[in-house]
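A.B. asks: Note that the protein sequences, when read in sequence, are chains A and B.
So the first sequence is residues 6 to 646, counted in our numbering.
So the second sequence is residues 10 to 337, counted in our numbering.
Where is the CB? At the ideal position from N, CA and C, for every residue including glycine.
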Amino acid sequence: MISPSGEVAMSNSDAYPDDEIRIGVFICHCGGNISDVVDVKRVADEIGSMPDVVRVSGVFPVDAPPTAGTESSIERAVVLSETEMFLCSDPGQARIEKRIKEYNLNRVIVAACSPTLHEMTFRRACARAGLNPYLFQHVNIREQVSWVIEDKEAATQKASRLIRAAVDRARYLEPLDDRKIPIHDAALVIGGGVAGLKCSLDLAQRGIDVTLIEKSDVLGGRMLELGTVFPTDEDARELVGALVKGVQENPKITVILNADLKDSTGSIGDFNTTVVVKKDGGEEDVEVHSGVIVIAVGLDVYEPRDGEYYYGKSPAVIGLLDLQKMLRDNGKLEVNGKPVKSVAFLHCVGSRQWEDVHEPQADGKINDYCSRYCCTAILHSAVEIKERFPDVEVYDFHEDIRTYSRGHEEIYTRSGELKVKFIRFDPHRPPMVQKDRKGEAALTVKCRDRLTFGEDLEVPVDLVVLGTGLVAKDMTTLIDLYRCSRGADRFLLEAHPKLRPVELAAFGLFLAGSVQGPMDITETTAAAAAAASKAAALVSQGIIELDPFIAKVNEDLCTGCKTCLIVCPYDAIQRDDEKEIAVVNEALCTGCGTCVAVCPSNAIQQFGFNDDMVVTEILALLGVETNSRAGVEAEEAIAAV
Amino acid sequence: MGDNENSQATEKLKVGMYWAASCGGCDIALLEIGPHLLDLIQIADVVFWPCAADFKYQHVADYPDGYIDVCFFNGAIRTSEQEELARLLRKKSKSLISFGECAIDGGIPSLANLKTVEGIFDASYHNTPSIDNPDGVEPQPITLVEQGELEIPVFYQQVLRLKDIVQVDYEIPGCPPQGDRVWEAIVAVTGGAVPLTNSAVKVACFDKSVCDECPLEKKLEKIKEFKRPHEVRPEPDWCLLEQGIVCMGPATRSGCGALCIKGGLPCRGCYGPSGTVEDQGTAMVSTIASLLDATTEDRAKELIDQIVDPVGTFYRFSMASSHMKTAR
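What follows is the structure in C-alpha cells.
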C-alpha cells in the first residue's frame with residue numbers, strides 16, 4: 006500500500022502486492038475531442054473515489070505533466086485515474102507503461118476513442134510493460150459520448166458511468182494467450198472462371214502452391230461464351246485465353262478439371278478437401294490439403310420463364326448471350342435465315358423485380374436487386390449492331406440506365422449518337438412482347454413511354470433481346486461445407502462489406518468475384534486479385550495469431566445435449582461421444598458467442614466475456630450497487646405491506 | 010418420534026421439518042425415504058414437524074438457540090407468519106435446509122408474482138363466480154372486536170424464497186425431491202460428511218441438466234411446430250424438444266433421473282435451473298429461440314405463438330428467482 010505521506014515506491018511489488026487487484030484508469034482528452042464536452046478531470050475524480058476502488062494519484066493538469074510534487078497528492082491505493090492530452094501518442098503510451106511498472110498495476114483501462122482505432126495500441130503498450138494484454142479494457146468515450154452528446158453534464162455523467170462499469174468488469178479480467186495456428190503453405194481455388202484463374206495466377210506469383218479445381222472440362226468460365234467486351238472492345242476469349250495459358254504454364258498451379266466438391270474438413274491453416282474427379286467414365290476421389298480456400302464459383306445467367314416476354318414461344322426472342330454468340334459466330338444478324346431489320350433490347354429481365362408485378366422465383370423470392378452489368382452490356386451490343394449494321398433500327402426499353410463504371414458512360418453517349426431509340430417504361434407496367442398481328446415484323450413490343458409522358462407505343466421488331474440478369478448458382482454443397490452466409494439475393498455474403506470485403510466470416514475462407522453478387526469482368530478480376538492478396542498475406546505469415554475470445558466448455562456442467570452444435574454457425578463444436586460433452590474447435594471458433602447464449606446450463610463461457618464480467622458490467626451501467634438483490638427485495642416486499 | 014426430553018438425546022441428532030407456502034407434497038416426499046425413516050429415527054429425534062406430530066410454535070421458541078441440528082424447511086415465504094417461522098427456525102437450527110423448489114426458487118406459489126396483491130385479492134374475494142361476498146369483505150391483518158384485537162398474518166407483496174429472508178445452508182431441489190436422493194443428502198448432512206453450515210449449497214442433485222440423465226437421442230433437427238403433450242404421440246427415442254414438445258430438460262437441474270421423460274412426458278422443470286444459471290426461464294427461452302426452424306421474424310413469431318402460457322411454462326417452479334421479479 007501507499008504510505009499516507011504519499012511516498013511512492015518505484016517498481017515495488019512489496020508495496021503493491023500482486024494478489025491485490027490494482028486498476029489503472031487513464032482518461033484521454035483526445036486533444037479536446039473528448040475534453041471539450043466531457044469534464045475529464047471530474048470523471049477522473051469520480052472514478053478515483055469509487056467505493057472499494059481506491060485511488061493512487063490526483064489528476065494531473067494537462068499542461069503540467071506529473072512531477073514528484075503532484076504525485077504526493079495520493080489518497081489511497083489501487084485505482085489510478087489520470088487524464089492525458091493524447092494517450093495514443095508516444096508520451097501517452099510511455100506514461101501507461103511507466104505507471105504499470107511504478108504501481109505494479111495488473112489491470113489497465115483506457116477511456117478514449119473507439120476500440121477499433123486504438124485498442125490494439127494500448128494492448129501492445131501493456132504487453133511492453135510486462136502486463137498480459139488481455140488485462141486491458143477499452144472504454145469508448147469519444148464516438149459514443151463526446152461526439153454524439155452536446156449536453157456537457159449528460160456527457161460527463163455517461164462517460165463516468167461507462168468507465169465505472171469497465172472498472173467493475175476489469176476485476177474479472179483474466180490473462181489470456183492468443184491462439185497460434187500454423188498455416189499450411191498452399192491454397193485451394195474453387196472455380197476455373199476468370200476469377201479463379203486470376204486468383205490462382207496471383208497466388209502462384211507470390212510463391213504459393215495452388216490447386217485449381219473446375220467443375221467442367223475446360224478452363225475459362227462464362228467468358229468463353231462472350232464476344233467483344235466493354236469497355237475496351239477486346240475479344241473475351243482472347244482475354245481469358247491469356248489467363249488460361251498463364252495458369253497452365255505455371256508450375257505452381259495444379260489444375261483439376263471435371264472436379265466436384267465432396268467433403269471438406271479442418272479449419273484455417275489446415276483444410277482437407279475431398280474432390281470427386283470424373284475420369285475415363287469412372288470417378289476417383291482426390292484429396293487436397295491447403296491452408297486457405299478461395300471460392301470463385303461465379304454465377305448463372307437468369308433463364309427467363311417460358312413465355313416471359315414471349316421467350317421460348319418465338320425464335321426471335323433471345324437472351325444477351327445468344328446475341329453475343331450470333332454476332333461473334335455468324336457475323337450476321339438474322340433469325341431463321343431472315344435478316345433482322347429492327348431490334349428491341351429489354352432491360353431488367355430477371356432483375357429489379359417487384360413483388361406485385363413479377364412472379365417469384367423457385368425459392369418464393371423475387372430478384373429485387375440490380376444485376377449491374379446489363380445496362381452497359383446492352384448498350385455495348387446496341388452500339389456494335391449500329392456500327393456493323395447501320396440500317397438496323399435499335400430500340401432500347403429501359404426502366405433506368407445505369408452505366409456507372411469508368412468508360413461506360415461513353416458507351417451510352419455513343420449509342421445516342423448512333424440513334425438508338427430510347428423508350429422508358431414504368432417498372433409496374435413492363436413492356437409486353439407479342440406476335441405482330443399486322444405482319445410487318447415478327448414481333449410487337451407494346452409499352453407506355455414515360456419519356457413522351459405516357460404515349461402508348463407499339464413497336465414492330467424482328468428481334469427482341471432480353472437483358473437477362475445474373476443469379477446466384479445453386480451452391481448447396483459449398484454452403485453446407487463452409488457454413489457460408491447468403492444474402493437475401495442468394496449470393497454469398499462477405500464478413501463485412503468494407504472491412505473484410507473478400508473474406509467469409511469463418512477464418513481462412515475467401516471469396517473471389519461474382520460468387521458475391523453481380524459483377525462485370527473488370528470488377529471480378531479486381532475482387533479476385535484482392536482475394537489472392539488477402540489469402541497470400543495469410544499464408545505467408547506461416548503462423549497466425551487469433552484473438553483468444555473463444556468459447557470454452559465446462560466439462561462439469563455440459564450434458565452433451567447438442568443444442569450448441571445445432572446453432573454454431575461455423576461447425577466449430579463437435580461432440581466427444583466418449584465423454585458425452587461438447588468440444589470447441591479453437592481454430593474454427595470465431596467467438597461469436599451464439600453457443601454461450603443458448604447453453605441452458607451455462608456450461609459454455611467465452612473468454613473475455615464471461616458471465617461475471619458481463620453481469621457486473623450491466624449492473625454497473627444500470628447503477629445497481631449490489632449483486633445480491635435478495636435482501637433488498639425482501640425488505641421492499643415486506644415494507645410494501 | 011415425539012418429545013425427547015427424557016431420551017438419551019445427548020447423542021442423537023435433533024431434526025425438524027416445517028412447511029410454509031407449499032402444497033404439503035414435500036412432507037410426503039420426506040416420507041418417501043421409506044424404510045430409511047426407521048434408520049432416521051435411530052440416529053435422530055424429530056423435535057418439530059407440525060405436519061406429522063403435535064408441535065406448537067412455542068415449543069420451538071422455548072428451545073435454546075442452535076438446539077435443532079438439521080431443520081428442513083419447505084415452502085416459499087408469502088406471509089408474515091412464514092417469515093417469522095423462518096427467522097425463528099434459523100435461530101434455533103445449526104443447519105437450515107431449503108427442502109423443495111418452493112423454498113429454493115419460489116415454486117408454483119411464486120407464479121402468483123405475475124399478479125399484484127390487488128389482482129389476487131380481487132380474484133379470491135370478489136370476481137370469481139363461486140364467490141358470495143356481497144359486502145366485499147377482505148381479510149384484514151388486524152380486526153377490532155369487543156374482546157380486543159384479532160390478528161392474522163400479513164400477506165406480502167410478493168412470494169419470496171427462504172434465502173431472501175435468512176441464510177440457508179443447503180438446498181434440496183425438486184417438486185418434490187426424490188426419496189433416494191433425499192436419503193443420500195440426509196446421510197451426508199447428519200453423518201458429518203459435510204459441514205452443518207454452508208451457503209445454500211445444492212445437494213441431492215447434480216449440477217448438469219436433465220439431458221444428462223435423459224435416454225432420448227437428438228437428431229440435430231430444428232423445431233418445426235410446437236405441440237402440447239396431449240396433442241401428439243411422440244416418436245419413441247427422439248428428443249421431445251426437437252419434436253416440438255416443450256421439454257424443460259435442457260434448463261433444469263438433474264437428480265430426478267429424468268423421471269417424467271421416462272414416463273413419456275416432457276420435463277416440467279421442477280428441479281430448478283441447472284449449473285450456475287439463476288434465471289431458468291431466460292435460459293430456456295434463449296435455447297428454444299435458437300432452435301426454431303425459422304429464418305424470418307414472421308415465421309419465428311408464428312412458432313413462438315404456438316407455445317401456450319410461455320411464462321407459466323418456463324418459470325413454472327422458479328418465478329421467485331426470475332430477473333422479472335414481480336408484477337407491480
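Using the C-alpha atoms, what's the distance from Asp114(B) back to Arg87(B)?
C.D. replies: 13 Å
A.B. asks: My understanding is that Val297(A) touches Ala192(A), with C-beta atoms under 8 Å, so please give their C-beta distance in whole angstroms.
C.D. replies: The pair is a contact, with the Cβ atoms about 5 Å apart (cut-off 8 Å).
A.B. asks: Hey, is Ser606(A)'s beta-carbon within less than 7 Å of any beta-carbon in chain B?
C.D. replies: yes
A.B. asks: Rounding to the nearest angstrom, what Cα-Cα distance links Glu76(A) and Asn615(A) in this structure?
C.D. replies: With a pLDDT of 34 at Glu76(A), under the threshold of 50, the predicted position of this residue should be treated as unreliable, though the coordinate-derived value follows. Whole-angstrom Cα-Cα distance: 36 Å.
A.B. asks: Note down the Cα distance separating Ala367(A) from Leu497(A), rounded to an integer number of angstroms.
C.D. replies: Roughly 18 Å separates the two Cα atoms.
A.B. asks: Starting from the C-beta of Lys3(A), find all residues in its chain whose C-beta is less than 6 Å away, skip the five residues before and the five after it, and write them out in chain order.
C.D. replies: Nothing about residue 3(A) can be read from this structure; chain A reaches only from 6 to 646.
A.B. asks: Going by the CB atoms, is the gap between Ala260(B) and Pro605(A) shorter than 7 Å?
C.D. replies: yes
A.B. asks: Tell me whether the segment 321-332 of chain B and the segment 279-292 of chain B touch, counting them as touching only if at least three CB pairs, one residue from each stretch, are closer than 8 Å.
C.D. replies: yes
A.B. asks: When DSSP builds the beta bridges, which residues end up paired with Asn145(A)?
C.D. replies: DSSP, once it has assigned bridges, lists Ala117(A) as partnering Asn145(A).
A.B. asks: What are the residues that DSSP puts in a beta bridge with Lys426(A)?
C.D. replies: Lys426(A) has Tyr400(A) as its beta-bridge partners, per DSSP.
A.B. asks: Rank Cys600(A), Val572(A), Ala592(A) and Met618(A) by C-alpha distance to the C-alpha of Arg184(A) and give the top, closest one.
C.D. replies: Ala592(A)
A.B. asks: For a contact meaning CB atoms closer than 8 Å, what does Met293(B) contact in chain A?
C.D. replies: Pro605
A.B. asks: Does DSSP put His239(B) in a helix, in a strand, or in coil?
C.D. replies: helix
A.B. asks: What in chain A is Cβ-close to Asp36(B), meaning under 7 Å?
C.D. replies: Residues of chain A whose Cβ lies closer than 7 Å to the Cβ of Asp36(B) do not exist, since the nearest Cβ in that chain is about 25 Å away.
A.B. asks: Any contact between the segment 267-280 of chain A and the segment 167-179 of chain A? By contact I mean 3 or more CB pairs, one from each, below 8 Å.
C.D. replies: no
A.B. asks: For the segment 400-411 of chain A against the segment 335-352 of chain A, do three or more pairs of beta-carbon atoms, one drawn from each stretch, fall closer than 8 Å, so that the two count as touching?
C.D. replies: yes
A.B. asks: Look at the alpha carbon of Asp68(A) and the alpha carbon of Ala134(A), and state the distance between them as a whole number of angstroms.
C.D. replies: Low confidence applies to Asp68(A): its pLDDT is 32, below 50, so where it sits in the model is not reliable enough to give any reading.
A.B. asks: Please name the residue in Leu140(A), Tyr409(A), Pro320(A) and Asp311(A) whose C-alpha comes closest to that of Lys343(A).
C.D. replies: Ranked by Cα distance from Lys343(A), the first of Leu140(A), Tyr409(A), Pro320(A) and Asp311(A) is Pro320(A).
A.B. asks: How would you label Ile323(A), buried or exposed, when you count the other beta carbons within 10 angstroms and need 16 or more for buried?
C.D. replies: With 16 or more neighbouring CB atoms inside 10 Å of its own CB, Ile323(A) falls in the buried class.
A.B. asks: Any contact between the segment 330-338 of chain A and the segment 478-487 of chain A? By contact I mean 3 or more CB pairs, one from each, below 8 Å.
C.D. replies: no
A.B. asks: Return the residue from the list Asp288(B), Glu244(B) and Ser331(B) that minimises the CA-CA distance to Ile270(B).
C.D. replies: Just measuring C-alpha positions, the residue of Asp288(B), Glu244(B) and Ser331(B) sitting nearest Ile270(B) is Glu244(B).
A.B. asks: Might you give, ordered along the chain, the residues of its own chain that have their beta carbon closer than 6 Å to the beta carbon of Cys651(A), omitting 5 neighbours on each side?
C.D. replies: An answer regarding residue 651(A) cannot be provided, because it is not within the stretch 6 to 646 covered by chain A.
A.B. asks: What are the residues that DSSP puts in a beta bridge with Trp28(B)?
C.D. replies: Asn83(B)
A.B. asks: Any idea what DSSP makes of Val64(A), helix, strand or coil?
C.D. replies: Its pLDDT being 38, under 50, Val64(A) is placed unreliably by the model, and nothing is read from it.
A.B. asks: Give a yes or no on whether 7 Å exceeds the smallest Cβ distance from Lys227(B) to chain A.
C.D. replies: yes
A.B. asks: Pro553(A): which of Gly513(A), Ser545(A), Glu560(A) and Gly596(A) sits nearest, CA to CA?
C.D. replies: Closest option to Pro553(A), judged by alpha-carbon separation, among Gly513(A), Ser545(A), Glu560(A) and Gly596(A): Gly596(A).
A.B. asks: Between Thr270(A) and chain B, is the shortest Cβ-Cβ distance under 7 Å, so that the two count as touching?
C.D. replies: no
A.B. asks: Between the Cα of Leu98(B) and those of Leu123(B), Gln67(B) and Glu110(B), spot the shortest distance and give me the residue it belongs to.
C.D. replies: Gln67(B)
A.B. asks: Compare the beta carbon distance of Thr473(A) and Leu325(A) with 7 Å and say whether it is the shorter of the two.
C.D. replies: yes
A.B. asks: Is Met437(A) helix, strand or coil when you go by DSSP?
C.D. replies: Strand at Met437(A).
A.B. asks: Quick one: list the residues of chain B neighbouring Lys567(A), beta-carbon separation under 8 Å, in chain order.
C.D. replies: Lys227 and Leu229
A.B. asks: So, is Gln176(B) buried or exposed, given that buried needs 16 or more other C-beta atoms within 10 angstroms?
C.D. replies: exposed
A.B. asks: Can you list, in chain order, the stretches of the beta strand (DSSP E) that have 3 or more residues and sit fully within the segment 139-178 of chain B?
C.D. replies: 151-154, 157-160 and 164-169
A.B. asks: How is the beta strand (DSSP E) around Phe135(B) delimited, first residue to last?
C.D. replies: Residue identity check: residue 135(B) is His in the sequence provided, not Phe. Neither: His135(B) is in no beta strand (DSSP E) and is coded neither H nor E.
A.B. asks: Do you know offhand how far Thr88(A)'s Cα is from Phe127(A)'s?
C.D. replies: 15 Å
A.B. asks: Under the assumption that Phe235(B) contacts Gly258(B) (Cβ atoms under 8 Å), give the Cβ distance between them as a whole number of angstroms.
C.D. replies: Wrong, their Cβ atoms sit about 15 Å apart, outside the cutoff.
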